[in-house]
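Novice:
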Amino acid sequence: MSITESSPTLFYDLLAPRPGVARNSFPATDLIYKLLHHIATDVSSFRRNCQVSYRLIEYARDVYDGINTRILQAEESGSWEHYDAYNQAIPALEEVLLSIMEVTEVERDEYLVGSAGYNPDLIESMAGWIEQSITDWQKRREKIRNVLDKLRTEEAFKDMVVAAEDYEHEVYDARVHDDQIFLQNLLTPLEDNKRRVERGKSQNSEMVGKAKENLQSVLDLLRASPKTVFEQELLDLAIKCAMTAYAITEVMKRDEIKMDPELYDRVYGNHIWDTAQGLASI
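Residue 57 in our numbering sits at position 54 of the sequence shown, and the numbers go up by one each step.
If you want it as structure tokens, here you go:
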């Protein structure tokens, strides 16, 4: 998969100061600005975990502007309070941004399943590729969410970030939105792949179609349901099933699979799709 191009408009919107905030810059925060610039470029090209990631950049940007304001106030007033505030916040924000950059640099190229792909010569490679894709998605999603929470709660950033009054509700909605969009994006190409895996046997496309329909029903149910912890767990399970189903159909539709009878039997077998349908029907 080629590197995704970022949106210039989105990039500038994410980094622009809040309305009414006059941006200052100082040598002490130059590294922070460069890190923000780098991370915002990555996030502007994200195709999953978007809403939470946008808020992460906005909060980090607000802390950056808040630090510069404290530096200006310290220079103008000679206040040790302002000096202590920005002196604590600068290394804390640098550390946070460096840690999240490890995620954004790889996540910018990801979409539905792992961009690294799998080794078609090894059956075991397919299972490992799918498992790694799911693990990477979960770990990176968790890291992004945890960093956003840290920007809001870190003592060093106190009074530098103006959190929304309904922050918990806003962020929860952003998380659910990200996950539901990701699930829908997985199901859409499944419909196309369903036609490409038939290979002269209607039951092939039917078993893929049934799994897709069951997962779509789960998503429709979740969209209409009140938000609860149980709903989040069900959404996570549906995403894992959809990632697995999509990845397998990506293998099934390749012509090379006909040269490997063992792999062909495995991905076209009833067992794997009966299991997928069962999980999707929970």
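Note that CB positions come from ideal geometry on N, CA and C, so glycine has one too.
On a predicted model such as this, the values are computed, not experimentally measured, just so you know.
So the candidates are Glu194, Glu236, Gln235; which of them puts its Cα closest to the Cα of Gln219?
Specialist: Residue 219 sits at position 216 when you count from the first residue of the sequence shown. Closest by alpha carbon: Glu194.
Novice: Is Ala241 buried or exposed, if buried means 16 or more other CB atoms sit within 10 Å of its CB?
Specialist: Mapped onto the sequence shown, residue 241 falls at position 238. Flag for Ala241 reads buried.
Novice: So Ile70 and Met163 are in contact, right, with Cβ under 8 Å, and what is the actual spacing, rounded?
Specialist: Here residue 70 refers to the residue found at position 67 of the sequence shown. Here residue 163 refers to the residue found at position 160 of the sequence shown. Rounded, the Cβ-Cβ distance is 7 Å, consistent with contact.
Novice: Quick one: what does DSSP say Met246 is sitting in, helix, strand or coil?
Specialist: Position 243 of the sequence shown, counted from the start, is the residue given in the question as residue 246. Of the three classes helix, strand and coil, the one that applies to Met246 here is helix, per DSSP.
Novice: Going by the beta-carbon positions, is the gap between Phe160 and Ala95 smaller than 8 Å?
Specialist: Within the sequence shown, numbered from 1, the residue matching residue 160 stands at position 157. Within the sequence shown, numbered from 1, the residue matching residue 95 stands at position 92. For Phe160 and Ala95, yes; Cβs fall inside 8 Å.
Novice: Within this structure, are the beta carbons of Leu61 and Leu17 separated by less than 8 Å?
Specialist: Locating residue 61 in the sequence shown gives position 58, where the first residue counts as 1. Locating residue 17 in the sequence shown gives position 14, where the first residue counts as 1. The sequence shown places Glu at residue 61, rather than the Leu named in the question. Taking 8 Å as the Cβ cut-off, Glu61 and Leu17 qualify as a contacting pair.
Novice: Could you check whether Val174 and Leu151 sit closer than 8 Å to each other, using their CB atoms as the reference points?
Specialist: Translated into the one-based positions of the sequence shown, residue 151 becomes position 148. Translated into the one-based positions of the sequence shown, residue 174 becomes position 171. Against a cut-off of 8 Å, the Cβ pair of Val174 and Leu151 comes out as a contact.
Novice: Could you compute how far the alpha carbon of Cys244 sits from the alpha carbon of Asp182?
Specialist: Walking along the sequence shown from the start, residue 244 turns up at place 241. Walking along the sequence shown from the start, residue 182 turns up at place 179. Those two C-alpha atoms are separated by around 13 Å.
Novice: Assign Asn217 to one of two classes, buried (16 or more other C-beta atoms within 10 Å of its C-beta) or exposed (fewer than that).
Specialist: Counted from its first residue, the sequence shown places residue 217 at position 214. By the neighbour-count rule (16 or more Cβ atoms within 10 Å), Asn217 is buried.
Novice: Roughly how many whole angstroms lie between the Cα atoms of Arg144 and Phe49?
Specialist: For this step, residue 144 is matched to residue 141 along the sequence shown. For this step, residue 49 is matched to residue 46 along the sequence shown. Answer to the nearest angstrom: the Cα atoms are 12 Å apart.
Novice: Buried or exposed for Leu38, going by 16 or more other Cβ atoms inside 10 Å?
Specialist: Counting from one through the sequence shown, the residue named residue 38 turns up at place 35. Buried.
Novice: Identify which residue in Thr247, Asn149, Val165, His180 has its Cα closest to the Cα of Asp65.
Specialist: As a working mapping, residue 65 is identified with position 62 in the sequence shown. Selected option, being the one with the closest Cα: Val165.
Novice: Please state the DSSP three-state secondary structure of Arg1.
Specialist: Coverage of the chain is limited to positions 4 through 285, which leaves residue 1 absent and any answer about it impossible.
Novice: Within the chosen definition, does the region 102-112 reach the region 30-46 through at least 3 CB pairs nearer than 8 Å?
Specialist: yes
Novice: Tell me which residues share the same chain as Ile93 and place their Cβ nearer than 8 Å to its Cβ, disregarding the 5 neighbours each side in the sequence.
Specialist: The residue you call residue 93 lines up with position 90 of the sequence shown. Closer than 8 Å at the Cβ level, and outside the excluded window around Ile93, lie Ala31, Thr32, Ile35, Ile70.
Novice: I need the boundaries of the alpha helix (DSSP H) containing Arg58, first residue and last residue.
Specialist: Your numbering for residue 58 matches position 55 in the sequence shown. 53-80 is the extent of the alpha helix (DSSP H) around Arg58.
Novice: Quick one: Cα of Ala177 to Cα of Arg26, how far?
Specialist: Against the sequence shown, residue 177 aligns to sequence position 174. Against the sequence shown, residue 26 aligns to sequence position 23. Going by the C-alpha atoms only, they are around 27 Å apart.
Novice: Distance check for Leu13 and His41, CA to CA, integer angstroms please.
Specialist: Counting from one through the sequence shown, the residue named residue 41 turns up at place 38. Counting from one through the sequence shown, the residue named residue 13 turns up at place 10. Cα-Cα distance, rounded: 14 Å.
Novice: Assign Thr252 to buried or exposed, taking buried as 16 or more other Cβ atoms, counted over all protein chains shown, within 10 Å of its Cβ.
Specialist: The sequence position of residue 252 within the sequence shown is 249, counting from 1. Classification for Thr252: buried.
Novice: Out of His85, Ala248, Pro192, state which residue places its alpha-carbon closest to the alpha-carbon of Met210.
Specialist: Here residue 210 refers to the residue found at position 207 when the sequence shown is read from its first residue. Closest by alpha carbon: Ala248.
Novice: For Gly212, which residues in the same chain have their Cβ closer than 7 Å to its Cβ, ignoring the five residues on either side in sequence?
Specialist: Here residue 212 corresponds to residue number 209 of the sequence shown, with the count starting at 1. Closer than 7 Å at Cβ, skipping near neighbours: Lys197.
Novice: Is it the case that the Cβ atoms of Ala250 and Ile74 are separated by a distance below 8 Å?
Specialist: As a first step, residue 250 is located in the sequence shown; it is residue number 247 there, counting from the start. As a first step, residue 74 is located in the sequence shown; it is residue number 71 there, counting from the start. Not a contact, by the Cβ cut-off of 8 Å.
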